[in-house]
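Position 50 of the sequence shown, counting from 1, maps to 58 under my numbering, and the rest follow consecutively.
Glycine included, C-beta positions come from ideal geometry on N, C-alpha and C.
Keep in mind the model is a prediction, meaning the values are calculated, not measured.
Worksheet: the structure to be examined is printed underneath.
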Amino acid sequence: MRAPRADAFAERTPPLFAMHFWDRIDKPIIGLSPMDGVTDASFRLVAARYGRPDLCMTEFTSVEAICCGADGFVRDFAYGEYERPILAQIYGRTPEDFYRVAHIVCELGFDGLDINMGCPAKNVANKGCGAGLILNPELAVTIIRAARQGIEDWAAGQRLEDVGLAPDVVERVRHMNRGRVQPFTRRPIPLSVKTRVGYDKVEVDEWIPVLLAERPVAISLHGRTLKQMYKGFADWDAIHCAVELARDLPTLILGNGDLKSMAEAVDRIRQTGVDGVLLGRGAMGNPWVFRDKQWAKDTLAGVASSSGAALDVGQEERTRVLLEHSRHFESLWGERRFPAMRKHLAWYCKGFRGAAQWRARLVRAMNADEVARIVGAN
9 MRAPRADAFA ERTPPLFAMH FWDRIDKPII GLSPMDGVTD ASFRLVAARY
59 GRPDLCMTEF TSVEAICCGA DGFVRDFAYG EYERPILAQI YGRTPEDFYR
109 VAHIVCELGF DGLDINMGCP AKNVANKGCG AGLILNPELA VTIIRAARQG
159 IEDWAAGQRL EDVGLAPDVV ERVRHMNRGR VQPFTRRPIP LSVKTRVGYD
209 KVEVDEWIPV LLAERPVAIS LHGRTLKQMY KGFADWDAIH CAVELARDLP
259 TLILGNGDLK SMAEAVDRIR QTGVDGVLLG RGAMGNPWVF RDKQWAKDTL
309 AGVASSSGAA LDVGQEERTR VLLEHSRHFE SLWGERRFPA MRKHLAWYCK
359 GFRGAAQWRA RLVRAMNADE VARIVGAN
């Protein structure tokens, strides 16, 4: 059997998933936002170890590339048990491929599947993927239904070999699963969507109801339009409008954009009534930003907390984690890809004594040993 045609993903009442991790997280949710080229397995390791966000997502991965046999998804879908709950984020424009890749996501033991409908990059949006789907709500709906059908069919016992995946792709998935501690169970996983408030203008009133009608368990909403990219300021009033549209519905609304601290997260949650927030750029070089999430939750609940929102991480700890991150990155990807680590090294230097001099040397480092020599570690 091959994947059904797109027109086979017929309209029907979307199912409500049984109890899942989204229900078990204390609200408000405070998670790590996925960022292309940033939130790889090494970044998520240090975030999980030193901050413990409520949830993590992989970098977004193209469903078309996976189904064509690209081996990059082995890197993109690598994760550790310490990251749970962990969601696989995927993007594309071919419903049949979403159906197939949903099987892979389930087979790899992810806790959830997230569909990216918010990436503003031209090479993504101009192909009708990511935020480009805001202009094509009919296709967006078909994609959600295709992914959900893939989840349900996998849970019902359908094998990877049954949906037309290439044998080498199936073998890669089998190899990735070897030695995994998580017991293998077939159960539906929850589906969520990450998107933006509009394409070239704010259109929450038109776009968000389209998604809500499909009952994703959560919608993560970045407060900028595609046209804004990452310029200007996130529109949290628009996010508040989405919260109002979702009132009395089962879908959670998470806000995203310009959050650099737990204090700012508290202010935005109070302002908008969102069910949670995702922090992205505020976590770059700063996995500790999540350390005071319990302070934020206690503050919002009106409970006195012994922790505080003012986080002071010393240079010694920053140096140690910077080096740990470097060594883990190199262990996964090798020296050849180490230049991709350099931007992280620069971010860690914020607040260092002599930060400018360190940064100038670190952004030329070729491997973790060189990083160790620069920072004076043994």
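So, helix, strand or coil for residue i, using DSSP?
i           : result
residue 317 : Residue placement at residue 317 cannot be trusted, given a pLDDT of 49 that sits under 50; what the coordinates show is reported in the next sentence. Coil.
residue 60  : coil
residue 240 : coil
residue 197 : coil
residue 369 : helix
residue 50  : helix
residue 305 : helix
residue 340 : helix
residue 78  : coil
residue 349 : helix
residue 184 : helix
residue 225 : coil
residue 83  : helix
residue 122 : strand
residue 232 : strand
residue 218 : helix
residue 202 : strand
residue 173 : coil
residue 69  : strand
To which residues of the same chain is residue i closer than 6 Å at the C-beta, ignoring the five residues directly before and after it?
i           : result
residue 154 : 17, 103, 106, 107
residue 152 : 222
residue 69  : 81, 84, 98
residue 156 : 199
residue 317 : No answer about residue 317 holds up, because its pLDDT of 49 lies below 50 and its placement is not dependable.
residue 238 : none
residue 52  : 64, 91
residue 363 : 357
residue 158 : 107, 110, 111
residue 353 : 370
Please work out which residues of its chain come closer than 7 Å, Cβ to Cβ, to residue i, disregarding the five sequence neighbours upstream and downstream, and give them in chain order.
i           : result
residue 280 : 244, 247, 248, 251, 263
residue 427 : This structure does not reach residue 427, given that the chain is present from 9 up to 386, and the question cannot be answered.
residue 375 : 338, 343, 346
residue 176 : 77
residue 133 : 127, 139, 140, 234
May I ask which residues mark the beginning and end of the alpha helix (DSSP H) holding residue i?
i           : result
residue 150 : 145 to 163
residue 139 : Neither: residue 139 is in no alpha helix (DSSP H) and is coded neither H nor E.
residue 32  : 29 to 32
residue 168 : Taken as a continuous stretch (DSSP letters only), residue 168 belongs to no alpha helix (DSSP H), as it is neither H nor E.
residue 380 : 376 to 383
residue 211 : Per DSSP, residue 211 belongs to no alpha helix (DSSP H) and is neither H nor E.
Starting from residue i, trace the beta strand (DSSP E) in both directions and tell me its first and last residue.
i           : result
residue 299 : No beta strand (DSSP E) contains residue 299, which DSSP labels as neither H nor E.
residue 40  : 37 to 40
Cutting at 8 Å between CB atoms, please list the residues of its own chain near residue i, excluding the five before and the five after it.
i           : result
residue 147 : 101, 103, 136, 141
>> Taking 8 Å as the cut-off, does the stretch 62 to 71 touch the stretch 162 to 169 (at least 3 CB pairs, one atom from each stretch)?
In response: no
> Quick check: the stretch 261 to 279 against the stretch 290 to 301, are there 3 or more CB pairs under 8 Å?
Replying inline: Yes: the two stretches touch, three or more of their Cβ pairs being nearer than 8 Å.
>> Would the stretch 297 to 310 count as touching the stretch 330 to 341 if we require 3 or more Cβ pairs under 8 Å?
In response: no
> Taking only runs of the alpha helix (DSSP H) that begin and end inside the stretch 246 to 284, which ones reach a length of at least 4 residues, in chain order?
Replying inline: 270 to 280
> Taking only runs of the alpha helix (DSSP H) that begin and end inside the stretch 93 to 119, which ones reach a length of at least 4 residues, in chain order?
Replying inline: Runs found: 103 to 115.
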